[in-house]
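Reading the sequence shown from the start, the letters are residues 0 to 187 in numbering that gives the first Met the number 0.
Cβ atoms here follow ideal geometry from the backbone N, Cα and C, with glycine treated the same way.
Notes for the one structure printed next.
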Amino acid sequence: MELRHLRYFITVAQQQSFTKAAEKLFTAQPSLSQQIKDLEQEVGVMLFDRSSRKVKLTDEGQAFQIYAEKALENAKLAVAAARQVAQQKNNQIHIGFLNVAEIKVMPQILAQLKKTMPDLKIHLHSLTCMEQIQRLKNAELDLCITRFHLDHPDFENIHLLTEQIYLIAAQHLHSTDRILKLQELKKP
Numbered sequence: 000m001e002l003r004h005l006r007y008f009i010t011v012a013q014q015q016s017f018t019k020a021a022e023k024l025f026t027a028q029p030s031l032s033q034q035i036k037d038l039e040q041e042v043g044v045m046l047f048d049r050s051s052r053k054v055k056l057t058d059e060g061q062a063f064q065i066y067a068e069k070a071l072e073n074a075k076l077a078v079a080a081a082r083q084v085a086q087q088k089n090n091q092i093h094i095g096f097l098n099v100a101e102i103k104v105m106p107q108i109l110a111q112l113k114k115t116m117p118d119l120k121i122h123l124h125s126l127t128c129m130e131q132i133q134r135l136k137n138a139e140l141d142l143c144i145t146r147f148h149l150d151h152p153d154f155e156n157i158h159l160l161t162e163q164i165y166l167i168a169a170q171h172l173h174s175t176d177r178i179l180k181l182q183e184l185k186k187p
């Protein structure tokens, strides 16, 4: 059994269709069907009920899915751990950040890193919040400075700062004591 068998199985289970799963996996549908048959033969049970239009997991398939998902997650963690050890050997760190962080917190972070680890090679990556989180999950980043709190057991969140955002209007603009509607602010 290979990891691709587990990926294929999980995708078919999620899509409830061999055709949709094949499209998502960028593979031919007959090839995908054969891979699933091979997996079922290796496991020794039918994982899918193919009797209706939608492909559904059998009870055995539902039990298998739980551990297949864990196995894939553990494989990702194993790759991340190996990459982390390699990076530590190379004495380097990859940091993702937002452009706004470049001004507010990056100078302090970089100064502290250089002070405590002068030989550390620092690689900076200016990315969106979602790009940072995806790269962190893929072990392409060691740290990310983002606006999102990532609720994941393998990552630690540290609150760095709270921003205050103000709306400042010209003195003459709608100078009344009444409450303005947002639409009124758009008018010149």
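Through-space distance from residue j to residue i, alpha-carbon basis
| i | j | result |
| --- | --- | --- |
| Gly95 | Leu140 | 7 Å |
| Leu24 | Ala80 | 26 Å |
| Phe17 | Tyr66 | 21 Å |
| Lys75 | Gln64 | 17 Å |
| Ser125 | Leu2 | 32 Å |
| Gln15 | Leu38 | 17 Å |
| Pro106 | Glu183 | 40 Å |
| Ile108 | Val54 | 51 Å |
| Gln28 | Val84 | 39 Å |
| Asp188 | Cys143 | Since the displayed the chain opens at 0 and closes at 187, residue 188 lies outside it and no answer follows. |
| Lys113 | Gln91 | 12 Å |
| Arg52 | Lys36 | 18 Å |
For residue j and residue i, believed in contact at Cβ under 8 Å, the rounded distance
| i | j | result |
| --- | --- | --- |
| Val44 | Glu59 | 4 Å |
| Gln131 | Thr145 | 5 Å |
| Leu56 | Ala20 | Contact doesn't hold; Cβ gap of about 13 Å is too wide. |
Coarse secondary structure for residue i, derived from DSSP in three states
| i | result |
| --- | --- |
| Phe8 | helix |
| Phe63 | helix |
| Thr18 | helix |
| Ala27 | coil |
| Glu1 | coil |
Residues bridged to residue i [DSSP beta-bridge criterion]
| i | result |
| --- | --- |
| Phe47 | Leu56 |
Any C-beta of chain C under 7 Å from that of residue i
| i | result |
| --- | --- |
| Phe25 | Here there is only one protein chain, and chain C is not present. |
Q: Could you pull out every unbroken alpha helix (DSSP H) segment of at least 4 residues lying fully inside the segment 82-167, listed in chain order?
A: Correct list: 98-103, 105-115, 128-136.
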